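So in our numbering, the last spot in the sequence shown is 286, and the numbers never skip. Let me begin by presenting the structure, written as structure tokens, before commenting on it.
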Amino acid sequence: MAPHRCNYCLKPIATEAGIKWHIAQSPPCRDQWTKRLDWMKATVSNNAEDQLPEETNNDAQNWEYVFDDMDGADDPLDVPDGHLVHQSRLDDDPGPPDLCEPPSKRVRVEEDNEDSPPWPASGCFTEQYPGVAAMILGREKTIFECLKAAEDERGDGEWAPFRDEDEWELA
């Protein structure tokens, strides 16, 4: 069985490159991909005129009646779109490939910039919730921040429950 499937027609395809080629060559799948891109642009946009209307009903009890244009309301596999339910992850849909220039077969070595850390300088974790996600999730302390505050409140040091780094290394 093929390990990959087209997100739009669910056709089994052997490779990710094959999926890209399939989407580029299949008009129905390409149309669905284009619609998804337009939808993502509208939801990420900061322009008020690009946003969904305010009167959109987001009540959980009405989610069972929500369905997309590919399925019917009676589709048993249909998952309702709501605040925290998405049809697919953004990273899963790379779109049609650039068929003009094939990828290089040579090995590439990327230089590692050891001067900059791989995490942001503003804190321990990245907390970027743009657009709709920020309105839904709001701003609260992360689990790490709650644990850190409780640790500071108890007066635990960096090496708790040990006295210092030497004792920690002995353990």
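Ideal Cβ placement from N, Cα and C applies to all residues, glycine included. Note that this is a predicted model, so its numbers are computed, not measured.
Can you tell me whether residue i is buried or exposed, with buried defined as 16 or more other CB within 10 angstroms of its CB?
i: GLN140; result: exposed
i: ILE138; result: buried
i: CYS261; result: exposed
i: PRO276; result: exposed
i: ILE258; result: exposed
i: PRO195; result: For PRO195, the predicted model reports a pLDDT of 48, less than 50, meaning its position is unreliable and no value from the coordinates is stated.
i: GLU179; result: Reliability fails at GLU179, whose pLDDT of 49 lies under 50, so the model's placement of it is uncertain and no value is given.
i: TRP283; result: exposed
i: TRP148; result: buried
DSSP puts residue i in a beta bridge; with which residues?
i: PRO127; result: ARG120
Am I right that residue i and residue j are in contact with their C-beta atoms under 8 Å? What's the rounded C-beta distance?
i: PRO143; j: CYS124; result: 7 Å
Is residue i near residue j, with beta carbons less than 9 Å apart?
i: GLY272; j: ASP281; result: no
i: ARG120; j: ILE134; result: yes
i: ALA129; j: PRO118; result: yes
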